[in-house]
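Chemist:
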Amino acid sequence: AAGDLHPPAALALLDLADAFVDFNRQSAKGVDLMRGQTVVNLFFENSTRTSSSFEIAAKRLGADVVTMPVASSSVKKGETLIDTAVTLNAMKPEILVVRHASSGAVDLLSQKVGCAVVNAGDGRHEHPTQALLDLLSIRRAFGDVGGLTVAICGDIAHSRVARSNVALLQMMGARVRLIGPPTLVPGDADRWGCEVFHDMKEGLAGCDVVMMLRLQLERMAGALIPSTREYFRFWGLDREKLAWAAPNAKVMHPGPMNRGVEIDSDVADDLSVSLIQDQVEMGVAARMAVLAALAHRRAGGAA
Ligand code: CP
Numbered sequence: 025a026a027g028d029l030h031p032p033a034a035l036a037l038l039d040l041a042d043a044f045v046d047f048n049r050q051s052a053k054g055v056d057l058m059r060g061q062t063v064v065n066l067f068f069e070n071s072t073r074t075s076s077s078f079e080i081a082a083k084r085l086g087a088d089v090v091t092m093p094v095a096s097s098s099v100k101k102g103e104t105l106i107d108t109a110v111t112l113n114a115m116k117p118e119i120l121v122v123r124h125a126s127s128g129a130v131d132l133l134s135q136k137v138g139c140a141v142v143n144a145g146d147g148r149h150e151h152p153t154q155a156l157l158d159l160l161s162i163r164r165a166f167g168d169v170g171g172l173t174v175a176i177c178g179d180i181a182h183s184r185v186a187r188s189n190v191a192l193l194q195m196m197g198a199r200v201r202l203i204g205p206p207t208l209v210p211g212d213a214d215r216w217g218c219e220v221f222h223d224m225k226e227g228l229a230g231c232d233v234v235m236m237l238r239l240q241l242e243r244m245a246g247a248l249i250p251s252t253r254e255y256f257r258f259w260g261l262d263r264e265k266l267a268w269a270a271p272n273a274k275v276m277h278p279g280p281m282n283r284g285v286e287i288d289s290d291v292a293d294d295l296s297v298s299l300i301q302d303q304v305e306m307g308v309a310a311r312m313a314v315l316a317a318l319a320h321r322r323a324g325g326a327a
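Position 108, counted from 1, in the sequence shown is what full-length UniProt numbering calls 132; the numbers after and before it change by one each time, with no gaps.
Put into structure tokens, the structure is as follows:
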């Protein structure tokens with residue numbers, strides 16, 4: 025989990041990831057840091073960014089990579105998460121990268137296998153490498169994270185991105201505001217150490233970073249879903265609402281975006297304010313840093 029890091033470790037990962045950004049911009053990108061090691065991607069929930077960036081990251085570090093096609097695996101014959109992980113572990117990979125719809129599933133699985141396990145998102149609980157890439161994007165845009173005010177807006181209640189970002193942003197000295205309708209802000213949010221707002225104009229005032237979240241409908245079974253038009257009117261980020269933030273505010277979104285619901289294309293695609301494509305680029309570098317740190321630890325280096 026993002027909160028399990030301590031500030032020097034988070035800083036070291038950010039610095040390493042930063043170096044990988046420049047490395048990735050070269051035409052020849054391969055290194056041998058993970059030669060002979062195997063990384064298995066095991067995603068029980070859909071993914072575009074996280075799955076592909078872990079695969080690219082591992083390949084750039086020289087590892088062998090297997091991305092399990094869960095939809096055509098023996099999971100469909102009733103094999104459990106734990107049995108699947110234990111089976112893959114018996115093939116002696118060094119790292120399992122796991123995404124699962126249940127909060128806590130990745131931690132549970134890590135207790136059953138001998139290899140390292142990286143959390144690629146578990147339910148609404150945590151998405152630590154997303155927070156790392158978000159911090160890297162913010163640091164590269166502003167020079168530092170400390171002292172900034174970051175607004176996380178929308179469906180906080182169902183968001184693992186929000187939980188990991190709150191932990192890491194606060195650890196690195198940012199002030200975090202949570203902005204959303206009362207039904208989408210968790211009841212215990214006041215204990216997260218954030219200011220909570222139920223009004224975009226009030227909450228965005230003076231913010232340096234505006235991080236938008238989509239409505240995570242896959243975790244809302246049985247809930248009353250707002251109409252998308254009504255949601256956009258009150259909570260969707262457009263030019264008018266962005267003008268309430270600080271003059272040089274940057275816009276972020278972990279993706280996938282639902283355009284016209286939580287964010288207007290006009291804002292999302294304006295590269296003078298939007299960091300969304302940078303976030304995707306930083307995703308590869310941040311995941312390279314995490315994999316390289318695990319490989320280093322495996323080789324007997326300090327964590
Ligand atoms: N941000 C994120 O986790 O995106 P994917 O679901 O596409 O991996």
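Here a beta-carbon is modelled for each residue, glycine too, at the ideal position from N, C-alpha and C.
Keep in mind it's a predicted model, so treat the numbers as computed, not measured.
Please enumerate, following chain order, all residues with a beta carbon closer than 5 Å to at least one heavy atom belonging to ligand 1.
Modeler: Selection output, chain order preserved: Ser71, Thr72, Arg73, Thr74, Pro278, Gly279.
Chemist: Quick check on the burial criterion: 16 or more other C-beta atoms within 10 angstroms. Buried or exposed for Gly145?
Modeler: Buried: at least 16 other Cβ atoms inside 10 Å.
Chemist: What is the DSSP secondary structure of Phe256, counted as helix, strand or coil?
Modeler: Residue state, collapsed to three classes: helix.
Chemist: Counting Cβ pairs, one atom from each stretch, are 3 or more of them under 8 Å apart for the stretch 45-54 and the stretch 267-275?
Modeler: With the cut-off at 8 Å, the stretch 45-54 and the stretch 267-275 do not touch.
Chemist: Go to Ile176, then tell me how far its alpha helix (DSSP H) extends in each direction, as first and last residue.
Modeler: Segment 173-177 is the beta strand (DSSP E) holding Ile176; no alpha helix (DSSP H) there.
Chemist: Considering just the uninterrupted stretch of the beta strand (DSSP E) at Asp146, what are its terminal residues?
Modeler: Start and end: 140-146.
Chemist: Report the three-state DSSP secondary structure of Ser298 (helix, strand or coil).
Modeler: Of the three classes helix, strand and coil, the one that applies to Ser298 here is strand, per DSSP.
Chemist: Between Val122 and Leu40, which are expected to be in contact by the criterion C-beta below 8 Å, what is the C-beta distance as a whole number of angstroms?
Modeler: Incorrect: roughly 22 Å between the Cβ atoms, too far for contact.
Chemist: Nearest-angstrom Cα distance between Met58 and Arg321?
Modeler: Roughly 12 Å separates the two Cα atoms.
Chemist: Does the count of Cβ pairs from the stretch 97-111 and the stretch 176-196 closer than 8 Å reach three?
Modeler: With the cut-off at 8 Å, the stretch 97-111 and the stretch 176-196 do not touch.
Chemist: Going by C-alpha to C-alpha distance, which of Pro210, Asn189, Val209, Leu157 sits closest to Val200?
Modeler: Ranking Pro210, Asn189, Val209, Leu157 by Cα distance to Val200 puts Asn189 first.
Chemist: Any contact between the stretch 67-81 and the stretch 306-322? By contact I mean 3 or more CB pairs, one from each, below 8 Å.
Modeler: Verdict: yes, contact present.
Chemist: Which one or two residues does DSSP pair with Glu219 in a beta bridge?
Modeler: The partner list for Glu219 (beta bridge, DSSP) reads Arg201.
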